[in-house]
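In my numbering, the protein residues as written are 5 to 662. Here a beta-carbon is modelled for each residue, glycine too, at the ideal position from N, C-alpha and C.
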Amino acid sequence: MGRYVPIRDYAVIGDGRTVALVARDGAIDWLCLPNMDSPSVFAAILDAERGGSFELCPTERYETTRRYRPGTNVLETTFTTTSGRVRVTDAMTLPDANLGPLRELARRVEGLSGRVAMRWRATPRFDYGRRAHLELRGEIPVASHGADGVAFGSWDAGAPEIRDGGVSGRFEMAAGHRALLGVIATCNEPLVFPPRAHVEARLDATAAFWERWSGQLTYAGPWRDAVVRSALALKLLVFAPSGAITAAPTTSLPEAIGGERNWDYRYCWIRDSSFTIEALLQLGCRQEATSFFWWFMHATRLTSPRLRVLYRLDGGAHVPERVLDHLSGYRDSRPVRIGNAAADQLQLDTRQEATSFFWWFMHATRLTSPRLRVLYRLDGGAHVPERVLDHLSGYRDSRPVRIGNAAADQLQLDTFGELLDAAFGYVRRGARIDRDTMNQLAELADFVADHWREPDAGIWEVRMEPQHFTESKAMCWVALDRAAQLAETGHLSGRRRQRWLTEAAAIRAFIDNHCWSERLGSYVRYAGREELDASLLMMPIMRYDEPTSPRLAGTIEAVRRELGRGALVYRYTGEDGLAGAEGVFVCCSFWLAEALALAGRRDDAARSMDAALALANDVGLFSEELDPASGEFLGNFPQGLVHLAIISAAAAIARLPS
């Protein structure tokens with residue numbers, strides 16, 4: 005099966021355009037170039053034999069410790085051997101005037117004590133492990149495929165040698181000495197190889213940038229370290245050229261080892277985006293949230309009034325899902341997917357970040373408005389076809405490997421509530437919106453008033469027959485409630501306000517009459533079915549009713565009792581149209597903590613928060629899911645929704661008297 009590292013053993017570095025996964029043993033097993041939704045150059049995490057990686061470690065047996073440099077996304081890994089210690093500092097450097105459009109990964113090696121023999125080997129494989137071509141240009145190893153080029157720099161790290169489809173080197177590191185390795189990448193641009201001094205300077209400047217950015221976060225409550233780390237993780241998921249935020253920078257890491265629940269998360273979901281705006285505003289990041297909001301409104305305008313589930317990072321809505329059959333997947337977890345079919349379902353004081361996100365949000369959704377796509381590309385596009393990469397085995401043989409996401413075309417009605425709530429929160433904090441945006445938001449509210457009676461795919465993007473999901477109906481109520489409040493304050497036209505209020509009342513009546521179980525003492529997963537769903541926790545979080553009301557209090561307790569496993573929470577009981585099981589969904593643990601806080605149960609909320617945070621990996625990151633028995637990470641990593649939920653839950657608990 006080859007070398008597969010536990011997902012828990014990865015950390016991430018990035019530059020606002022792409023993200024690399026760095027394993028505890030020093031290998032970079034995932035890197036897409038030039039952008040995080042581009043095809044991979046290193047993908048050993050999805051196929052240990054074909055995917056390619058960049059290894060760096062001692063030649064003798066070693067132990068490792070690692071950390072992020074405080075307040076940064078610069079990773080430090082210390083290797084200890086019987087002969088000495090070395091520290092490797094990894095970063096995707098931020099561009100300056102010398103770097104321009106290139107991408108650069110810097111790996112600084114420092115001798116701390118003794119003498120340590122080191123080795124490195126890079127096996128670049130373009131196009132998800134399909135292409136490999138290496139040559140020496142002068143003394144510089146270069147891999148190329150079409151318009152893509154990657155050069156490898158070695159300064160005091162051994163003379164590079166090309167052999168067996170890779171480039172490698174060996175060197176000895178003495179105390180007080182430094183070596184440097186670099187990856188320089190380009191697409192459709194000249195490949196200009198930098199001098200060592202420029203790479204070293206950018207590495208130091210990158211650390212300084214992250215320190216300044218995190219130092220401006222305004223949160224001062226409990227669990228500040230976890231909140232700051234979550235904010236830094238979210239910042240890595242932001243695609244700087246457009247302002248979009250990706251759900252996770254990976255594809256097809258399995259929700260169950262060997263299973264088929266493997267999805268491409270390298271797109272921008274409306275739901276995650278809406279929560280991001282609120283989280284960034286809570287941290288004081290107004291500009292980033294605003295930019296994102298306007299991007300999103302633009303991207304959704306093309307499909308309005310229908311919202312796509314997700315969008316590409318460039319804002320596009322076309323996200324075809326396909327399987328990479330040539331990849332075996334992480335630990336043979338097939339399929340490996342790129343794209344995401346869910347796109348088609350109906351479904352810090354640095355305030356600049358919140359502002360940026362807000363306008364990205366408006367920009368992307370404007371392209372599809374008033375029909376919202378579930379997700380968008382990072383450039384704002386809405387076309388996200390899903391396909392399978394059959395040549396990849398998948399993580400630990402978890403097939404298929406998918407790219408694209410078919411969820412983009414689902415109808416997920418909850419997305420309308422999340423978008424209108426994001427707009428409401430943005431305006432409530434003193435921001436202004438233009439007349440075109442007012443009209444777009446009103447169109448979205450009208451769409452909800454016209455379509456809330458339809459079944460949908462729900463928040464979890466189930467691949468079965470659409471149902472009348474309770475959370476979707478509640479979020480339709482949120483959409484109309486927020487639109488009516490915006491109209492009352494003059495931020496939307498008031499002429500349709502009464503209809504919105506009338507339909508909101510009808511939604512509430514439907515939920516009360518069809519989505520409540522006296523036997524369970526709780527709202528249910530969907531109408532006519534006595535099953536529970538952790539997404540019901542969004543009802544108190546989104547203020548569908550007072551969290552202390554008998555029905556919401558009962559729902560919180562029922563979810564905790566029936567879906568909870570210690571500090572963790574499963575998503576739902578019942579069928580979802582897919583074979584096999586999944587792990588517990590990590591963000592639901594933090595939703596539970598927030599719901600308990602909103603219900604006034606501070607001690608219970610704090611205990612839930614402490615227990616869930618204790619399950620993070622050694623650098624404070626979470627994947628999408630966990631195996632409750634082993635604590636093994638499952639699903640795509642790191643997942644933005646989890647880190648958003650951490651910020652929101654911590655802020656909710658912090659508002660309560662201790």
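Distance from Leu382 to Ser278 at the Cβ level is roughly 16 Å; contact not present, criterion being Cβ atoms closer than 8 Å.
Going by beta carbons, Leu424 and Leu376 fall outside the 8 Å limit. Asn344 is classed as buried because its beta carbon has at least 16 other beta carbons within 10 Å across all chains shown. With a beta-carbon spacing of about 4 Å, Pro404 and Val392 fall inside the 8 Å limit used to define contacts. The shortest CA-to-CA distance from Thr86 to any of Asp549, Arg119, Gly115, Leu98 is the one to Arg119. Cβ-Cβ distances below 6 Å link Ala31 to Ser57, Glu59 in the same chain, with the five nearest sequence neighbours on each side left out; the list follows chain order. Annotation for Leu602: Pro544, Ile545, Pro551, Ala656 place their beta carbon closer than 8 Å to its own, counting only its chain and skipping 5 residues before and after. Each of Asp608, Ala189, Asp614, Arg575 was checked against the Cα of Leu630, and the nearest Cα belongs to Arg575. A direct Cα-to-Cα measurement between Leu600 and Val573 gives close to 14 Å. Here Glu507 is buried: its Cβ has 16 or more other Cβ atoms, across all protein chains shown, within 10 Å.
Apart from the 5 residues on each side of it in sequence, Leu241 sits with its Cβ closer than 6 Å to the Cβ of Ile249, Thr250, Gly644 in its chain, given in chain order.
Nearest neighbour of Ala201 by Cα position, chosen from Arg182, Gln286, Ser218, turns out to be Arg182. Within 10 angstroms of the beta-carbon of Pro105 lie fewer than 16 other beta-carbons, which makes it exposed. Val146 has Glu139, Ala155 as its beta-bridge partners, per DSSP.
Fully contained in the segment 181-247 are the following beta strand (DSSP E) runs of length 3 or more, in chain order: 182-191. Taking C-alpha positions only, Arg326 is separated from Gly639 by approximately 18 Å. Excluding sequence positions up to five before and after Ala230, its CB lies within less than 8 Å of the CB of Leu617, Ala620, Gly624, Ile650, Ala654, all in the same chain and listed in chain order. Judged by DSSP secondary structure, Thr559 falls within the alpha helix (DSSP H) whose first and last residues are 554-567.
With contact defined as three or more Cβ pairs closer than 8 Å, the segment 405-413 and the segment 423-438 are not in contact.
Contact annotation: the segment 149-162 touches the segment 183-194, with at least three C-beta pairs closer than 8 Å.
Look at Ser278 here: in three-state DSSP terms it is helix. Taking the Cα of Tyr315 as reference, the smallest distance to any Cα among Tyr334, Tyr269, Phe626, Asp329 is reached at Tyr269. The C-alpha of Asn443 lies about 8 Å from the C-alpha of Ser497.
Its chain contains Leu50, Asp51, Ser256, Pro258, Asn266, Pro339, Val340, Leu396, Ser397, Gly398, Tyr399, Arg400, Asp401, Ser402, Arg403, Pro404, Val405 as the residues whose beta carbon lies nearer than 8 Å to that of Gly333, once the 5 sequence neighbours on both sides are disregarded; these appear in chain order. At the C-beta level, Val563 and Leu596 come within 8 Å of one another. For Arg89, the enclosing beta strand (DSSP E) has its first and last residue at 88-96. Cβ contact annotation for Cys191 (same chain, cutoff 6 Å, sequence separation greater than five): Pro38, Ala151, Asp152, in chain order. Sorting Asp168, Pro145, Tyr14 by C-alpha distance to the C-alpha of Ser627 places Tyr14 at the top. The beta-bridge partner set that DSSP reports for Arg174 consists of Arg123. The segment 514-521 and the segment 484-494 do not touch, with fewer than 3 CB-CB distances between them shorter than 8 Å. Annotation: Glu522 is outside any beta strand (DSSP E) and is labelled neither H nor E by DSSP. In the structure shown, the three-state DSSP call for Arg499 is helix. In the structure shown, Gln471 falls within a strand segment according to DSSP collapsed to helix, strand and coil.
Around the beta-carbon of Thr280, 16 or more other beta-carbon atoms lie within 10 Å, marking it buried. Listed in chain order, the non-local C-beta contacts of Asp580 below 8 Å within the same chain comprise Trp464, Val466, Arg467, Met468, local neighbours out to five positions each way being set aside. A Cβ-Cβ contact shorter than 8 Å links Val452 with Ala483.
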